[in-house]
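Peer 1: What follows is a single structure, and I will ask about it in a moment.
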Amino acid sequence: MNSTVSVKEPHRPFTTKELVLTAMFTALIAVCSIISIPIGEISFTLQTFAVFCALNIIGGRNGLFSVLVYILLGCIGLPVFSKMQSGVGVITGPTGGYILGFVLMALVYWGGTKLLGRSLPVRVALMVVGLILCYTFGTIWFVFGYTKSGSDMTFIRAMELCVLPYIPGDVVKLILALVITERIKKHADI
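-12 is the number of the first residue of the sequence shown in our numbering; add one for each residue after it.
Pasting the structure below:
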């Protein structure tokens, strides 16, 4: 009888360096969230820039934990969300899906780099795919949030309000994050 034994990847604990970097990028995401310019329903922030930087410097796993800690800090009451807001109500509100979409960005990046490697084209493609998933999830969440309160909102209208005006800025943030993080990685022991 032929039996196969599944080999499970061993659990790798965080190193002290990884914990410090994860905390630093959690703080960076929070600071970049507070810097906001109100544009309609959604404020223009540097959150995606910070998430891109975290993923590029500390990788998908640690970047995911930075995002999760950031969300947890906001949910327990620290004013780390856009416009210095906090609380579970921000996450469960109409725009909370875009914040939760950062988790999808990190998961896509983590899984993609494990499967495809960390070459520059792969990382760029994974960040773009992650951003598209963040936009999609956030927009679905936005439509649901509006329609459950009795307001009328279509997916297309939500895209016009919450995504299209932000695409050029997010492209610039992605490029800046790549330029900055590549220089940092070149000159720092990260």
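Glycine included, C-beta positions come from ideal geometry on N, C-alpha and C.
In this text the structure is predicted, and so the values were computed from the model without any measurement.
#1: Please state the DSSP three-state secondary structure of Thr126.
#2: Are Cys121 and Tyr85 touching if we call contact CB-CB under 8 Å?
#3: Taking the beta strand (DSSP E) that Thr2 falls in, what are its first and last residues?
#4: Hey, which unbroken runs of the alpha helix (DSSP H) at 4 residues or more fall wholly within the segment 48 to 116?
#5: Is DSSP giving Ser20 helix, strand or coil here?
#6: Decide if the segment 60 to 72 is in contact with the segment 41 to 50; the criterion is three or more beta carbon pairs, one per stretch, under 8 Å apart.
#7: Can you look up Phe44 in the DSSP assignment and give me helix, strand or coil?
#8: In the DSSP assignment, what are the bridge partners of Thr35?
#9: Is Arg170 buried or exposed, if buried means 16 or more other CB atoms sit within 10 Å of its CB?
#10: Do Leu118 and Thr35 come within 8 Å of each other at the CB atom, strictly closer than that value?
#11: Can you give the Cα-Cα distance for Phe131 and Leu151, rounded to whole angstroms?
#12: Could you name the residues of the same chain whose beta carbon sits closer than 7 Å to that of Ile22, not counting the 5 residues immediately before and after it, in chain order?
#13: Rounded to whole angstroms, what is the Cα-Cα separation between Ile167 and Val54?
#14: Any idea which residues DSSP pairs Pro25 with across the strands?
#15: Since I believe Ala37 is in contact with Leu6 (beta carbons under 8 Å), could you give me their beta-carbon distance rounded to a whole number of angstroms?
#16: If I measure Cβ to Cβ from Met(-12) and keep anything under 6 Å in the same chain, skipping five residues before and after, which residues do I get?
#17: State yes or no: is the C-beta of Ala112 within less than 8 Å of the C-beta of Tyr57?
#18: Determine the contact status of Gly74 and Gly64, defining contact as a CB-CB distance below 8 Å.
Peer 2: If we stick to the structure as given:
#1: The count along the sequence shown starts at 1 and reaches residue 126 at position 139. In this structure, Thr126 counts as helix in the three-state DSSP scheme.
#2: The sequence position of residue 121 within the sequence shown is 134, counting from 1. The sequence position of residue 85 within the sequence shown is 98, counting from 1. Contact flag set, yes.
#3: The count along the sequence shown starts at 1 and reaches residue 2 at position 15. Premise fails: Thr2 is in no beta strand (DSSP E) and is neither H nor E.
#4: 75 to 79 and 83 to 103
#5: As a working note, residue 20 is residue 33 in the sequence shown. Helix at Ser20.
#6: no
#7: Locating residue 44 in the sequence shown gives position 57, counting from the first residue. As written in the sequence, residue 44 is Ile, which differs from the Phe given in the question. Of the three classes helix, strand and coil, the one that applies to Ile44 here is helix, per DSSP.
#8: Within the sequence shown, residue 35 is the residue found at index 48, counting from 1. For Thr35, which the question treats as bridged, DSSP gives no partner whatsoever.
#9: Start at 1 with the first residue of the sequence shown, and residue 170 comes out as number 183. Classification of Arg170: exposed, given that the 10 Å Cβ count is below 16.
#10: The residue given as residue 35 occupies position 48 in the sequence shown. The residue given as residue 118 occupies position 131 in the sequence shown. Cβ distance < 8 Å, so Thr35 and Leu118 count as in contact.
#11: Numbered from its first residue, the sequence shown carries residue 131 at position 144. Numbered from its first residue, the sequence shown carries residue 151 at position 164. Each residue's alpha carbon lies about 19 Å from the other.
#12: Counted from its first residue, the sequence shown places residue 22 at position 35. Cβ neighbours of Ile22 beyond the five flanking positions: Thr32 and Leu33.
#13: Stepping through the sequence shown from its first residue, residue 167 is reached at position 180. Stepping through the sequence shown from its first residue, residue 54 is reached at position 67. About 20 Å.
#14: In the sequence shown, the residue the question calls residue 25 occupies position 38. In DSSP, Pro25 forms a bridge with Ser30.
#15: Residue 6 sits at position 19 when you count from the first residue of the sequence shown. Residue 37 sits at position 50 when you count from the first residue of the sequence shown. The Cβ separation is near 18 Å, so there is no contact.
#16: In the sequence shown, the residue the question calls residue -12 occupies position 1. Annotation note: pLDDT 48 at Met(-12) (below 50); position unreliable, no value reported.
#17: Residue numbering aside, residue 112 sits at position 125 when the sequence shown is read from its first letter. Residue numbering aside, residue 57 sits at position 70 when the sequence shown is read from its first letter. No. Outside cutoff.
#18: Working through the sequence shown from its first residue, we reach residue 74 at position 87. Working through the sequence shown from its first residue, we reach residue 64 at position 77. Cβ atoms of Gly74 and Gly64: closer than 8 Å.
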